[in-house]
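Residue numbers (our numbering), protein chains in the order written: chain A, 4 to 364; chain B, 3 to 256.
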Amino acid sequence: MADKPIQGEKRMFMTGNEVCAYAALAAGADIMYGYPITPQNEIMHYWTRLAPKHNRTFLQTEDEISAGFTTCGGVLSGKRAFTATAGPGNTLMQEPMSMAEMMRIPAVFIIQQRGGPSTATVIYSQQEVTMTCYGANGEGLRIVYSTADHQELYDYTIKSFNTAWKYRFPTFVLGDGYQAKMRESLTIYDPELRGIQMVDTYPLVGLPGKAGADRDPAHLRNTYNTEEELYEVVKELVGAYEKFAPEIVEHKTVECDDAEVVILCHGIVSRAAVEAIRELRAEGVKAGMFRPITLRPFPTEPLRAVVQKAKKLLIVESAEGQFARLVLPSLYGLTTPLETIYKPGQGITSDEIVKKIKAMA
Amino acid sequence: MTTATVLEPKMPVCWRQETKPHKFCPGCGHGDVLKALGRAIDELGIQDRVVFGCDIGCSLLSWDFFNCDAIQTHHGRTTPVMTGIKRARPELICIAYMGDGGGYAIGAQHLVNAASRNEKLTVILANNAQYGMTGGQMAPTTLPGMKTETSPYGRDVDATGNPTLGPEMVAAITPASAYVARGTMANIPQLTKMMKKALQNQIDGNGFSFVEALSACPTNWRMNAAKTWEFVEKEMTKYFKVGELKVPAAKQEG
Ligand SMILES: Cc1ncc(C[n+]2csc(CCOP(=O)(O)OP(=O)(O)O)c2C)c(N)n1
Ligand code: SF4
């Protein structure tokens, strides 16, 4: 493993993309493969400046299909490899991501969402939720962390490498254009100083010894000949995913104990929700918030526990119901009234949430 | 008294016996191309350092062909997967094996860019002039006038262009340190030499190496053995000239 570029702890004021590059360095990432697309470009820019000083490498590929597949190759050869993309790049990268699901390749993907569909805007959205969680042909056997601020971008980028290598499912940090581009303060740190041991990486090909003589060759494939064979393989993958899910799921609640109205949201929208709750509580409205941090696997049980106690629910997202589609199956059988604020590709303010909740009363 | 000589089939040592006989159709060129590759690996003594990548297309049937670590990936994406490995672990010998569809159609951007970047990889492409696995459709390498499932009246070059000249293209865009050749299953000793040079070029850390091998698909060509050979030797070589197109200067023979 490479040296320690981040020593001790440091308060910093920087952009989210810069945070991701520093976090990948701190996590001991060896190599980044990438292709330019806004709003994630600066992850590559900072990485290419920092990496050579710490004996790490980078390759700019010809497109995102290649960036995803080279990342898979890097991981297969035993390196802590990652990539980053957004929007149409995320669309192209679904093909290698599905290979990572099938072969349980612990690749890390940082997604900074922009507007969609298609080229749309380069600014902000929460419209890559469905694609990041369930894109490509398969069952969505991925781990997706939705971050809300720069501290979380740092924490979860580091964590994503460990989650990926511990459970061996492709792991995603789902940020957005606002987080990518704005500056705010955070503490960067050497993970070890906080008791975070980086999970060792290991090669899946290029193993020591002569294949056929000292050991069996590693013959990895993702094509299967019969329905029965594939069924077995996928069932095994799903079984492993479901077994690990309870260890992986994460969520956050704010003022949920006595909440009558619960806001359901994720990512940066939760920051508007927290402010709205402060204002509403000051006026005597009992509001709270439930926020999944892992969108895959989804924290169904804790969500149900909160919802069961609430009188009303409000789903708020910068997309047209993509997050709601993750939430609703978890609420099956419950009849708590629910309203929504859907603003595809647009940010959400606390004022809008306050107004909506007052109107719901 | 004399002991009877037992004639062992001359399989390359790096072939995995447990997976033979292989899964290609009888008379398929893939087996011959992989024989040349196997011999080259044997002669260079690099079996324990090789990572073999195969594509989708009939080449995927070789995922367990060698006693080497291997990865079978998506259609056309073998080149980037091998690039990812080679960049991360330069000590490994990375071989990307694919068909003409994988290399010249769906994966063309990867071939072009890997070649332009002079990736220290060896790419082997079996050119059987059509798509084998999906049942004989037109490929970038289908000959003018050749009938396939999607050119039932013969390939019309006015409508669909000329056959792709892969090695010629790769030779044009690579630096002098690349190795580029076109061999044929009709001349295994020569093909083996080309594969050896292509691998040696990678071992030396010189640059990109690319060998196209003229190959046969008697199944989709609907030809018997005699006609298959005639097609490979007489028809294909009209368009696809066999020989070395680029040999790193220092390595030039003679
Ligand atoms: C993205 C994608 N598109 C299409 C296919 C279907 N497909 C599988 S093999 C193949 C053709 C392979 O032809 P070629 O690469 O020439 O190899 P051959 O089978 O002739 O050896 C196609 C189109 C696929 N697997 N993936
Ligand atoms: S279909 Fe053609 S290319 Fe494929 S295995 Fe059979 S003969 Fe070979």
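For each residue, glycine too, the CB sits at the ideal point set by N, CA and C. Quantities reported herein were computed from a predicted structural model and do not represent experimental measurements.
Please list, in chain order, the chain A residues whose beta carbon lies closer than 7 Å to that of residue i.
i: Asp-66 (chain B); result: His-222
i: Val-53 (chain B); result: Val-208, Gly-209
i: Gly-40 (chain B); result: Here the premise fails: no neighbours, minimum Cβ distance about 12 Å.
i: Asp-71 (chain B); result: Val-208, Gly-209, Leu-210, Ala-214, Pro-220, Ala-221
i: Ile-58 (chain B); result: Thr-226
Which chain B residues are close to residue i, counting only those with a beta carbon under 9 Å from its beta carbon?
i: Asn-140 (chain A); result: The contacting residues do not exist; Asn-140 (chain A) stays about 11 Å from chain B at best.
i: Glu-159 (chain A); result: The displayed chain sequence assigns Tyr, not Glu, to residue 159 (chain A). Those do not exist, as Tyr-159 (chain A) stays about 24 Å from chain B at its closest Cβ, beyond 9 Å.
i: Asp-203 (chain A); result: In chain order: nothing, as chain B lies at least about 16 Å away.
i: Asp-33 (chain A); result: Ala-90
Using a Cβ cut-off of 9 Å, pull out every chain A residue sitting near residue i, in sequence order please.
i: Asp-50 (chain B); result: Pro-211, Gly-212, Lys-213, Ala-214, Ala-216, Asp-217
i: Gln-74 (chain B); result: His-222, Leu-223, Arg-224, Asn-225, Thr-226
i: Met-197 (chain B); result: What Met-197 (chain B) touches in chain A: nothing, since even the nearest Cβ is about 19 Å away.
i: Leu-286 (chain B); result: Coverage of chain B is limited to positions 3 through 256, which leaves residue 286 (chain B) absent and any answer about it impossible.
Closest Cβ-Cβ distance between residue i and chain A: below 8 Å?
i: His-32 (chain B); result: no
i: Ala-161 (chain B); result: no
i: His-24 (chain B); result: no
i: Gly-256 (chain B); result: Note that Gly-256 (chain B) scores 43 on pLDDT, short of 50, meaning its location in the model is unreliable and no value can be drawn from it.
i: Ile-44 (chain B); result: The question names Ile, but residue 44 (chain B) is Asp in the sequence shown. By this cut-off, Asp-44 (chain B) is not an interface position.
i: Gly-104 (chain B); result: no
i: Ile-87 (chain B); result: yes
i: Leu-123 (chain B); result: no
i: Leu-127 (chain B); result: no
i: Leu-201 (chain B); result: no
i: Arg-157 (chain B); result: no
i: Arg-184 (chain B); result: no
i: Leu-2 (chain B); result: Residue 2 (chain B) lies beyond the residue range present for chain B, which begins at 3 and ends at 256; the question has no answer from this structure.
i: Leu-94 (chain B); result: yes
i: Ala-251 (chain B); result: no
Closer than 8 Å, CB to CB, is residue i near chain B or not?
i: Ala-84 (chain A); result: yes
i: Tyr-36 (chain A); result: yes
i: Met-363 (chain A); result: no
i: Thr-18 (chain A); result: no
Using the beta-carbon of each residue, which ones in chain A are nearer than 8 Å to residue i?
i: Val-83 (chain B); result: Phe-72, Thr-73, Cys-75, Gly-76, Leu-79
Pop quiz: residue i and residue j are said to be a contact at Cβ under 8 Å. What is the actual Cβ separation, rounded to whole angstroms?
i: Ala-29 (chain A); j: Pro-194 (chain A); result: 6 Å
i: Glu-253 (chain A); j: Gln-129 (chain A); result: About 18 Å; that fails the 8 Å criterion.
i: Met-134 (chain A); j: Thr-166 (chain A); result: Contact doesn't hold; Cβ gap of about 20 Å is too wide.
i: Gly-109 (chain B); j: Gly-78 (chain B); result: 3 Å
i: Phe-2 (chain B); j: Trp-17 (chain B); result: Here chain B comprises residues numbered 3 to 256, so residue 2 (chain B) is not present and cannot be evaluated.
i: Ile-271 (chain A); j: Ala-151 (chain A); result: 6 Å
i: Thr-18 (chain A); j: Lys-184 (chain A); result: 6 Å
i: Arg-51 (chain B); j: Leu-94 (chain B); result: 6 Å
i: Val-147 (chain A); j: Thr-160 (chain A); result: Not quite, the Cβ-Cβ distance comes to about 13 Å (not below 8 Å), so this is no contact.
i: Thr-51 (chain A); j: Glu-67 (chain A); result: Thr-51 (chain A) to Glu-67 (chain A), Cβ: 17 Å. No contact.
i: Leu-223 (chain A); j: Ile-73 (chain B); result: 5 Å
i: Asp-113 (chain A); j: Pro-42 (chain A); result: Correcting the residue identity first, residue 113 (chain A) is Ile in this sequence and not Asp. Going by Cβ atoms, the distance from Ile-113 (chain A) to Pro-42 (chain A) rounds to 11 Å, so no, they are not a contact pair.
i: Ile-199 (chain A); j: Ala-290 (chain A); result: In fact, because the Cβ distance is near 34 Å, the residues do not count as touching under 8 Å.
Could you work out which residues of chain B lie near residue i, taking near to mean beta carbons separated by less than 8 Å?
i: Glu-98 (chain A); result: His-76, Arg-79
Check the Cβ of residue i against every Cβ in chain B and list those closer than 7 Å, keeping chain order.
i: Met-102 (chain A); result: Thr-75, His-76
Quick check: is the beta carbon of residue i nearer than 8 Å to any beta carbon in chain D?
i: Arg-18 (chain B); result: The structure shown contains no chain D; the protein chains it does contain are A and B.
Is any non-hydrogen atom of ligand 4 found closer than 7 Å to the C-beta of residue i, if you look at the structure I gave you?
i: Asn-130 (chain B); result: Of the ligands this structure carries, namely ligand 1 and ligand 2, none is ligand 4.
Practice task
Taking only beta carbons into account, state which residues of the segment 39-67 of chain A come closer than 8 Å to chain B, listed in chain order.
Solution key: Using a CB distance below 8 Å, the part of the segment 39-67 of chain A facing chain B consists of Thr-60, Leu-62, Thr-64, Glu-65, Asp-66, ordered along the chain.
Handout entry: ligand 2 site residues, beta-carbon cut 5 Å against heavy atoms
Key = The set of residues with a C-beta under 5 Å from any non-hydrogen atom of ligand 2 comprises B:Phe-26, B:Cys-27, B:Cys-30, B:Cys-60, B:Gly-134, B:Cys-219, B:Thr-221, given in chain order.
Practice task
Select from the segment 67-82 of chain A all residues with a C-beta closer than 9 Å to any C-beta belonging to chain B, and list them in chain order.
Solution key: If the cut-off is 9 Å between Cβ atoms, the segment 67-82 of chain A has Ile-68, Ser-69, Ala-70, Gly-71, Phe-72, Thr-73, Thr-74, Cys-75, Gly-76, Gly-77, Val-78, Leu-79, Ser-80, Gly-81, Lys-82 near chain B.
Handout entry: Near-chain A residues of the segment 107-118 of chain B (beta-carbon distance less than 7 Å), N- to C-terminal order
Key = Those residues of the segment 107-118 of chain B that come within reach of chain A (Cβ to Cβ, closer than 7 Å) are Gln-111, His-112, Asn-115.
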